[in-house]
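Scroll down for the structure; my scribbles are underneath it.
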Amino acid sequence: MEYLSKDCYDRIAAELDNLVKVEYPKVKDALSEARAQGDLSENCGYRAARSAQAKMIGRIRFLQKVLEHSRIIDAGLLPKDRVSLLSKVEFMNLDTGTKMTYTIVSPHEMNLQEGKISLKSPIGQALMGRKEKETVDVEAPAATFRIRIDKITPGSENQSLK
Numbered sequence: 435m436e437y438l439s440k441d442c443y444d445r446i447a448a449e450l451d452n453l454v455k456v457e458y459p460k461v462k463d464a465l466s467e468a469r470a471q472g473d474l475s476e477n478c479g480y481r482a483a484r485s486a487q488a489k490m491i492g493r494i495r496f497l498q499k500v501l502e503h504s505r506i507i508d509a510g511l512l513p514k515d516r517v518s519l520l521s522k523v524e525f526m527n528l529d530t531g532t533k534m535t536y537t538i539v540s541p542h543e544m545n546l547q548e549g550k551i552s553l554k555s556p557i558g559q560a561l562m563g564r565k566e567k568e569t570v571d572v573e574a575p576a577a578t579f580r581i582r583i584d585k586i587t588p589g590s591e592n593q594s595l596k
């Protein structure tokens with residue numbers, strides 16, 4: 435079971451709808467055209483169309499599984515005093531003195547440029563369920579370091595994670 439924000443769920447559903455109703459028919463048409471050109475053993479257009487079809491089917495199946503096994507987060511039920519999904523967390527790396535701010539999101543919404551880290555990342559895992567002023571050890575692949583949680587801003591139902 436995976437939890438997604440409403441925006442993320444809607445974005446995935448829209449992508450799936452577009453793939454099924456718009457993009458896949460185009461791929462099928464391209465495959466039919468390539469097949470009509472004759473000898474399939476030496477038809478690179480046919481091989482490219484088959485490859486595109488396989489990729490498209492793979493993406494469609496992946497998105498279907500994500501939606502099937504996901505639930506939309508009710509931000510009103512999330513704890514306000516602890517780090518949880520959609521929480522914006524300000525913390526300091528005690529080893530380097532660097533201050534950072536990230537929003538904890540599902541892996542499908544992760545985007546470092548927008549300040550969103552996955553709850554499955556080393557920092558996300560270490561922060562989940564913690565309170566302000568707690569010091570946490572983060573076990574990253576490169577090294578273990580300590581961070582102190584300075585501020586937690588709970589996620590809200592109106593929060594946009596686009």
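Convert by adding 434 to the 1-based position in the sequence shown; the result is the number in the working numbering.
Quick reminder that beta carbons are idealized off the backbone N, C-alpha and C, glycines included.
Because the structure is a prediction, the values reported are computed rather than measured.
Task: Cβ distance (whole Å) where S617 is taken to contact E543 below 8 Å - done: Outside the shown range of the chain (435 to 596) lies residue 617, about which nothing can therefore be said.
Task: Closest by C-alpha distance to T537, when choosing among K585, M490, Y480 - done: The residue labelled residue 537 in the question sits at position 103 within the sequence shown. That would be K585, whose Cα lies nearest to the Cα of T537.
Open item on the list: At the level of alpha carbons, what is the spacing between R495 and F579?
Closed with: As a first step, residue 495 is located in the sequence shown; it is residue number 61 there, counting from the start. As a first step, residue 579 is located in the sequence shown; it is residue number 145 there, counting from the start. Rounded to the nearest angstrom, the two C-alpha atoms are 39 Å apart.
Task: For E476 and A560, the rounded distance between their alpha carbons - done: In the sequence shown, the residue the question calls residue 560 occupies position 126. In the sequence shown, the residue the question calls residue 476 occupies position 42. In a straight line, the C-alpha of A560 is about 54 Å away from that of E476.
Open item on the list: Whole angstroms are fine: how far does the CA of D463 sit from the CA of M490?
Closed with: The residue given as residue 490 occupies position 56 in the sequence shown. The residue given as residue 463 occupies position 29 in the sequence shown. Straight-line Cα distance between these residues: approximately 13 Å.
Task: Counted within 10 angstroms of its Cβ, other Cβ atoms place C478 as buried (16 or more) or exposed - done: For the purposes of this step, residue 478 is identified with residue 44 of the sequence shown, where counting begins at 1. An exposed status is given to C478, since fewer than 16 other beta-carbon atoms sit within 10 Å of its beta-carbon.
TODO: Tell me whether the beta-carbon of L597 lies closer than 8 Å to the beta-carbon of I507.
DONE: Past the boundaries of the shown model lies residue 597; the chain is included only from 435 to 596, so the question cannot be answered.
Task: Where L546 falls, given that 16 or more other Cβ within 10 Å makes a residue buried - done: As a working note, residue 546 is residue 112 in the sequence shown. The residue in question, L546, is exposed, as its Cβ has fewer than 16 Cβ neighbours within 10 Å.
Open item on the list: If contacts are defined as beta-carbon pairs under 8 Å, then Y458 and S504 qualify, I think. What distance do you get, rounded to the angstrom?
Closed with: Taking the first residue of the sequence shown as 1, we reach residue 458 at position 24. Taking the first residue of the sequence shown as 1, we reach residue 504 at position 70. Not confirmed; about 22 Å, so no contact.
Task: Whole runs of the alpha helix (DSSP H) within the region 521-582, excluding any shorter than 4 residues - done: If we require 4 residues or more, the alpha helix (DSSP H) runs fully inside the region 521-582 come out as 556-561.
Task: Of the listed residues K554, P541, T535, A576, nearest to R582 (C-alpha basis) - done: Here residue 582 corresponds to residue number 148 of the sequence shown, with the count starting at 1. The residue with the shortest Cα to Cα distance from R582 is T535.
Task: Contact set for P556: own chain, Cβ-Cβ below 8 Å, skip 5 residues either direction - done: Within the sequence shown, the letter at position 122 stands for residue 556. Within the same chain, P556 has close Cβ partners V572, E573, A574, P575.
Open item on the list: Are the CB atoms of S552 and V539 within a distance shorter than 8 Å?
Closed with: The residue you call residue 539 lines up with position 105 of the sequence shown. The residue you call residue 552 lines up with position 118 of the sequence shown. Cβ distance < 8 Å, so V539 and S552 count as in contact.
Open item on the list: Please tell me whether T587 and K522 are closer than 8 Å, where the distance is taken between their beta carbons.
Closed with: Start at 1 with the first residue of the sequence shown, and residue 587 comes out as number 153. Start at 1 with the first residue of the sequence shown, and residue 522 comes out as number 88. Cβ distance < 8 Å, so T587 and K522 count as in contact.
TODO: Just tell me which of G558, C442, E568, K554 has its CA closest to the CA of L497.
DONE: Translated into positions along the sequence shown, residue 497 becomes position 63. The shortest Cα separation from L497 among G558, C442, E568, K554 belongs to C442.
- [ ] For L450, collect the residues of the same chain with a Cβ closer than 8 Å to its Cβ; drop the 5 residues on either side in sequence, then sort them by chain order.
- [x] As a first step, residue 450 is located in the sequence shown; it is residue number 16 there, counting from the start. Its chain contains I494, L497, Q498, L501 as the residues whose beta carbon lies nearer than 8 Å to that of L450, once the 5 sequence neighbours on both sides are disregarded; these appear in chain order.
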